[in-house]
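Novice: Protein sequence lines, in the order shown, are assigned to chains L and E.
So the number in the numbering used here is just where the residue sits in the first sequence, counting from 1, plus 7.
So the number in the numbering used here is just where the residue sits in the second sequence, counting from 1, plus 1086.
In this text, a Cβ means the ideal position worked out from N, Cα and C, and glycines have one as well.
Below is a structure I'd like to ask you about.
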Amino acid sequence: MKGLIGPLYGCQADLGRINLSRVGLLKFLDRISSKPAIRYLTYSGSVVFFFALILIPPILGILLKWNQVGRIFEDLGLQSRALAAIYASFGIALFVSLIDVVAGLPLAWFIARGKSRWLNTLDTLVDIPFILPTVALGYSLLLFWSQQEGVSSFFGTSLVSPGWLLVILLHFVFSFPIIVRVMVGALLDYQIVYEEASRTLGAPPLTADRTVTLSILKPSLMSSFILAFARSLSETGATVMVAGIVENRAAFENGPIFIYLVGKNSAEAVFVSFALISVASLIFAVITILGPRLKLPTKKVWPVLERRLSSNSFAMSRNAVAIIVLFFIVLLPSLFVALPAIYAVTNGTFAQALSSAGIWQGYWQSLILSYFVGAGVTLINAFLGLPMAVLIARKRAGALPSTILDVLVNIPLIVPSIALGASMSFFWSNFGFIPEIALLVFAHIAITYPYFVRAMASAIERISMDLEEASRILGAKPFTLFRTIILPLTKYSLFAGALMVFTRSVDETGATLAVISTTSTLKTAPVLLVDWVKGTIKVTASEIGLGIGFLVILSFVVLLVLRIAVRGKERRY
Amino acid sequence: MPEVKVENLTKKFGKGKIVAVDNVSLQIKDKEYFALLGPSGCGKTTLLRLIAGLIHPDEGKIYIDGKLVNDVPPEDRGIGFVFQTYALFPHMDVWDNVTYGPRVRAWGTQQSNKIGREMLEMVRLYERSKAFPQELSGGMMQRVAVARALSAGAKLLLLDEPLGALDAKIRSELRYEIRRLVKDLELTAIHVTHDQGEAMAISDRIAVMRKGRILQVGTPQELYMNPQEIFVANFVGESNFLEGYIESISDESAVLELRGKLHVKVLDKNKSLGERVVLAVRPEAFDVEKGRKKVENAMSGRIERFRFEGTNIRYEVRLENEDLVVVTRPTLAGEWFDVSEKVTVSFPSDKSFVFTYPSKGLREELMTE
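What follows is the structure, given as C-alpha cells:
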C-alpha cells in the first residue's frame, strides 16, 4: 500500500522521513544521555583526553630527557647564558605587566567612567593589538621603531635598535589591552555606590578609587595581571623578530629565544623549558593561594596629596597621557605595517602574490595549513572540552576534584608555549611513527585548550541551577536539557571560546617552532613570516607587509563571519 | 548649623528627555527631621543625591548653611549619607568601615579609635567590630551604615530609603531608633521614603513629590488633615473620590451634587457655582449604620465586600448611584456588617475635601507611576 502511494506523495514522504529521523536521533540521544554509564564515559573521556594529550606528555618529555640536563652544569658559559635568559623572561614579564597596570588603569577608568560618546570608539581601538596576530605586531614595531621606514627616518638613525627595549615595547603593546579590557569590564560591572559612600565619608576621588574601588576589584586586577604576565612570558614569534638576532646570537635573549636559538632537542632547551614551566606554575600557584589574602594598602591616607592628585586639571592631564600612550606607543606602531602592505598593492607585489609566483607559493600553502590546523584544533577542543567545562562549572566530579581540574586546565595558559611545545616534542619524538602534522595539532590543542573550557565553564556557572532543575522537572532528559537550555544561553560564550581557540592557533608560533623540525615543509603562516623577517631568504618589506596584511584581513573576515553568526550578546540569567 | 535650601533645582537624564527633578525649591530647617515622600520614580532620590553632591544639577542652586555648594564635591559638604543597600565596604570589617571617614580625613589614630568606639557603642554593635558586613543581619548592617555615616562628624544626615530592605517588624523598630539618634545628636536629617506610614511616624515635616515636582510641604498632620492636591489626599492616608458639581454656595458651606442626584454638604466654599469637582472622603471618616437612615450627608448602599484586616474591618459599599466607596471601621468598636446587607454611610462635612476636577482626568491624577 505504502509502496503504491509513495511516489504520489514523494515530496512529503521525504520530508516526513527527515523529520522522523531527526526526532529519532534526538530521542536516541536523550535515551543514552540518561544512562549513567554514558554520562560517566563522556566525563571520564574528556578528563582522560586532557591528561593524556595535554598534561602528561610535557611532564614525561622533560623526565625522559632529564639525564641529559646535567650537561648544562659542565659548560659554565652556557649555564650562565641559560640562567640569564630565564631571569630575562621573568624580569621582562614582571616589568611589562607592572607598566601595563600603571598605564592601563587610568585608561580603563577614563573609558568606563567618561561621558563622551567617543569613548566607545576608543574602547574598540584598544582591542586592535589584541586582534592582530603577534607576528604582525612584531614586524610593525620593528619597522616603526628601528628601520628606515618608520620614525627613524626623522632622526637619520635607528631610534630603538632591536634588543631589550624593543622587546619591552612589543610586550607592552600586546599585553596592555588585556589589562584595559578586563578592568573596563570590571568597572562597568562594579556597583558605584561603594565609591559614592566613600566620597560622602570625606574621601577625594583618588582616595575613594584606591581604598574602595580598587580593593573590591582586586580579583579582576589580579587575573588580568596574571594573563598579561603569562602572555609576555610565552610570546615567541614576534619576540624573535625584534630581539635582534644575528647569526644565531640575539642582542637580547629570554627563555623562548634561548630555546629557539640552541635548538629544541638540546639539553639546554630541556633545562630552560623545565625552569620556565616550573617557575611559572609556582608563581601561578603562589598568586592563586596567597592572592585572596593579599590586601591592598587601604589604611594609609595622604589627604593633601591625594586631594591635589584628584583635582580636575590633574585628572585631565592623566587622561591625556593615557590617550597619548595609547595612540603613540600602542596603536600607531601596531598599525604601521599597513604602509608597506598598501605600497605592495601599487608596486606589483600584489599581482605577484596572487599568481603564486616565487615565495608566494609557499606562503599560500602556509596560510592554508594554518587555517586547517586552526579549524581542526577548534573542533577537537570544542567537543572534548565541553564535558570538561560542565564538569568544572557544575562540580560534577565533587568539589575538590573539580577545583583541582579547574586549576590544572589553566596551566597551558601560564607556561611559555615554546617550553610546552619543546617538552611535548621530547615525549612524542620517541614515537617515530607519529607524523609531524599530528605533533603540530597536539601542540596547538594543548596551547589553546584552556580558552574554550574557561569561556564555557564560566558561562555555564552563570546559569542558575533553578533553570536546570525546572527543565528536568518539566520532563527534559539530560541531552534535551543541554540542547534547549544550556546551549541557547551559552551560545555567545561558545562562539567566543571557539574563536579564541581558532585565533590563538592561527597566531601560535612558540609551540609550533618547538615541534616542527627546521627543515620541515610544515610551516604555519606566522612561522614562515618569522623566517622572512629574519632574512634567511631575501624578502622585501612590501612583501612581508603584504604577507602580514593577508593574514590580518583573513583573521578579520573569520571574526566578522562569526560575529554575524552569533548576533547580539548573551544575557545574564 | 545645617540648614538646607534648594532653589529652582532641575535635573534631567537621558539627553534631557527625562526630567527627574523639575524646578524644585525647598527649605529644610536646622535640626529638622524632614522626609521626601513619593512613589518610585518621582525624583526624591535624585533630589537627595543632588543635595549630597553625588550628581550635579542642570539648573538651580543648593545652599547648605547658607553657603552655595553647587561646586563643592561631596567629600567637602559635611554630610552623612545612608544608602538603600547600605554600601558597607565588603573588604573591610565593621570597625574599618566605621572608622573610614576619620581615616580618610587623617584625623589621627587616637581620634579615629575614639570615634569608632563611640559610634559603635551608640548603635550597640561594638562587640561585632571584627565582623565583616556579609556576616551581619540586615538590621545590623543598617545600624553600621548609620554609625559610619555619622563617624565623620556630619551634622546633616541624608538617608535614602534606609529601611527599605528590612522586614516589616524591624523596619518599624529601627525608624524610631534613627529618629531618636537624630534628635539626641541635634542633627538635620533628610529621609527619602515611599512609605507614607514611615514618613508620618518619624518626620517633623514632609514634602510629597510626584513626577519631579513638590506637591505639598507640611507637617504630617497638615498633610493628612488638609491635603492641597488630589494626589496628596490619596498618597498620604487614603481617600475615596466621588465626582460631582457645585450646586449651591452659601456663607458657611457649599452643596455638591454627585452622581444619581445625590446631594452632600461640604465646608469648602472657594469653588464657583456649577464647577466640576472631586469630593474626597477618607475611608475612616465614614460612619456606617444598618438600613436607611436620615442623617447629614447620608448615602445608602449595599455591602459588596468584607475584608478583615486585624485592627480595622474594610467594607466596600456599592452606593445606589453605582459609585463604590471604601469604608474602614475599628474592629473592636461598633457592630459588624455582612455582605449584601443594606447600609447607610455618612460623613461629617468638615472631614471631607473638595478639589477642582483635574484637567487630565481623575485616573491620570492618581497614578503613582
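(1) Could you tell me which residues DSSP puts in a beta bridge with Ser1438 (chain E)?
(2) Using only alpha-carbon positions, find the residue among L:Met463, L:Leu333, L:Leu224 that is nearest to Thr497 (chain L).
(3) Ignore the nearest five residues each way along the sequence and tell me which others in Glu1343 (chain E)'s own chain have a CB closer than 7 Å to its CB.
(4) Helix, strand or coil, according to DSSP, for Pro1143 (chain E) in the structure here?
(5) Using a Cβ-Cβ cut-off of 8 Å, state whether Gln19 (chain L) counts as contacting chain E.
(6) Express the C-alpha separation of Thr131 (chain L) and Val189 (chain L) in angstroms, rounding to a whole number.
(7) Within this structure, are the beta carbons of Pro263 (chain L) and Pro423 (chain L) separated by less than 8 Å?
(8) Please go through the same chain and pick out, in chain order, the residues whose beta-carbon is closer than 7 Å to the beta-carbon of Met1227 (chain E), but skip the five residues on each side of it.
(9) Is any beta-carbon of chain L found at less than 8 Å from that of Thr1171 (chain E)?
(10) Distance, Cα to Cα, Ser500 (chain L) vs Ala466 (chain L)?
(11) Using a threshold of 8 Å, state whether the C-beta atoms of Ile1141 (chain E) and Val1092 (chain E) are closer than that.
(12) Since Leu177 (chain L) contacts Leu148 (chain L) with CB under 8 Å, what's their CB separation in whole angstroms?
(13) State whether the region 1290 to 1299 of chain E contacts the region 1406 to 1414 of chain E, with contact taken as three or more CB pairs (one from each stretch) at a distance under 8 Å.
(14) Measure from the alpha carbon of Glu1338 (chain E) to the alpha carbon of each residue in E:Phe1327, E:Asn1356, E:Val1322, E:Glu1324, then state which is nearest.
(15) Touching or not, the region 509 to 523 of chain L and the region 244 to 264 of chain L, by the rule of three or more beta carbon pairs under 8 Å?
(16) Does the region 282 to 289 of chain L come close enough to the region 219 to 232 of chain L to have 3 or more Cβ pairs within less than 8 Å?
(17) Mapping the DSSP letters down to three states, classify Asp196 (chain L) as helix, strand or coil.
(18) If we count Cβ pairs, one from each stretch, closer than 8 Å, do we get three or more for the region 252 to 261 of chain L versus the region 397 to 415 of chain L?
(19) Helix, strand or coil for Gly1508 (chain E), going by three-state DSSP, please let me know.
(20) Going by DSSP, what residue range makes up the beta strand (DSSP E) through Gly1387 (chain E)?
(21) Got a sec: which bits of the region 1170 to 1194 of chain E sit with their beta carbon under 7 Å from any beta carbon on chain L, in order along the chain?
(22) Determine the DSSP secondary structure at Gln1307 (chain E), reduced to helix, strand or coil.
(23) Should Met472 (chain L) be labelled buried (16 or more other beta-carbon atoms within 10 Å of its own) or exposed?
(24) So which of L:Glu475, L:Leu553, L:Arg401, L:Met431 has the shortest CA-CA distance to Leu70 (chain L)?
(25) If contact means a Cβ-Cβ distance below 7 Å, which residues of the region 182 to 204 of chain L contact chain C?
(26) Quick one: is Glu242 (chain L) buried, meaning 16 or more other Cβ sit within 10 Å of its Cβ, or exposed?
(27) For Pro1416 (chain E), which residues does DSSP report across the bridge?
(28) In chain order, what residues of the region 1285 to 1300 of chain E put their CB closer than 8 Å to some CB of chain L?
(29) Cutting at 7 Å between CB atoms, please list the residues of its own chain near Ala429 (chain L), excluding the five before and the five after it.
(30) Whose Cβ in chain E lies nearer than 8 Å to the Cβ of Ile223 (chain L)?
(31) Which of the three DSSP states is assigned to Asp130 (chain L) in this structure?
(32) Determine, using beta-carbon pairs with one atom in the region 1413 to 1433 of chain E and one in the region 1362 to 1374 of chain E, whether at least three such pairs fall under 8 Å.
(33) If we call anything under 8 Å between Cβ atoms a contact, is Val1190 (chain E) one with Ala210 (chain L)?
(34) Val1107 (chain E) to Met1295 (chain E), Cα distance in whole Å?
(35) Pull up the DSSP beta-bridge partners for Asp1246 (chain E), would you.
(36) Any Cβ of chain E within less than 8 Å of the Cβ of Arg206 (chain L)?
Specialist: Well, looking at it:
(1) Secondary-structure assignment with DSSP links Ser1438 (chain E) through a beta bridge to E:Val1367.
(2) With distances taken between CA atoms, Thr497 (chain L) lies nearest to L:Met463 out of L:Met463, L:Leu333, L:Leu224.
(3) By the criterion of a C-beta distance shorter than 7 Å, Glu1343 (chain E) is surrounded in its chain by Gly1330, Tyr1331, Glu1333, His1349, once the five residues flanking it on both sides are discounted.
(4) DSSP places Pro1143 (chain E) in coil when its eight states are reduced to three.
(5) At Gln19 (chain L), the pLDDT of 43 sits below 50, so the modelled position is not reliable and the matter cannot be decided from this model.
(6) Going from the Cα of Val189 (chain L) to the Cα of Thr131 (chain L) covers about 13 Å.
(7) Yes. Within cutoff.
(8) So the list reads Tyr1172, Leu1174, Pro1219, once near-sequence residues are dropped.
(9) At least one C-beta of chain L is nearer than 8 Å to the C-beta of Thr1171 (chain E).
(10) Each residue's alpha carbon lies about 6 Å from the other.
(11) Going by C-beta atoms, Ile1141 (chain E) is not nearer than 8 Å to Val1092 (chain E).
(12) That pair is a contact at about 5 Å.
(13) No, because fewer than three Cβ pairs between the region 1290 to 1299 of chain E and the region 1406 to 1414 of chain E fall closer than 8 Å, the two stretches do not touch.
(14) Its Cα nearest to that of Glu1338 (chain E), the residue E:Asn1356 stands out among E:Phe1327, E:Asn1356, E:Val1322, E:Glu1324.
(15) Yes, since at least three Cβ pairs between the region 509 to 523 of chain L and the region 244 to 264 of chain L fall closer than 8 Å, the two stretches touch.
(16) The region 282 to 289 of chain L and the region 219 to 232 of chain L do not touch, with fewer than 3 CB-CB distances between them shorter than 8 Å.
(17) Correct three-state label for Asp196 (chain L): helix.
(18) Taking 8 Å as the limit for Cβ pairs, the verdict is that the region 397 to 415 of chain L does not touch the region 252 to 261 of chain L.
(19) Nothing about residue 1508 (chain E) can be reported from this structure: the residues present for chain E run from 1087 to 1455 only.
(20) Going by DSSP, Gly1387 (chain E) is part of the beta strand (DSSP E) stretching over 1384 to 1394.
(21) Against chain L - using a Cβ distance shorter than 7 Å - the residues of the region 1170 to 1194 of chain E are Thr1171, Ala1173, Phe1175, Pro1176, His1177, Tyr1186, Gly1187, Arg1189, Val1190, Arg1191, Ala1192.
(22) Here Gln1307 (chain E) carries a helix assignment [DSSP, helix/strand/coil].
(23) Exposed, since its Cβ has fewer than 16 Cβ neighbours within 10 Å.
(24) Per the Cα distances, L:Met431.
(25) Absent here is chain C; the protein component of the structure consists of chains L and E.
(26) Residue environment analysis places Glu242 (chain L) among the buried positions, since at least 16 neighbouring C-beta atoms fall within 10 angstroms of its C-beta.
(27) Listed as beta-bridge partners of Pro1416 (chain E) by DSSP are E:Asn1398.
(28) Listed by position along the chain: nothing, the set is empty.
(29) Cβ neighbours of Ala429 (chain L) beyond the five flanking positions: Ile266, Lys271, Ala276, Ser280, Ala521.
(30) Taking a Cβ-Cβ threshold of 8 Å, the residues of chain E close to Ile223 (chain L) are Phe1175, Pro1176, His1177, in chain order.
(31) Helix, per DSSP.
(32) Touching, per the Cβ criterion.
(33) Their beta carbons are under 8 Å apart, which means Val1190 (chain E) touches Ala210 (chain L) by this criterion.
(34) A straight line joining the alpha-carbon of Val1107 (chain E) with that of Met1295 (chain E) spans about 10 Å.
(35) DSSP output for Asp1246 (chain E) lists E:Val1278 as bridge partner(s).
(36) Any Cβ of chain E closer than 8 Å to the Cβ of Arg206 (chain L) would place that residue at the interface, and such an atom is present.
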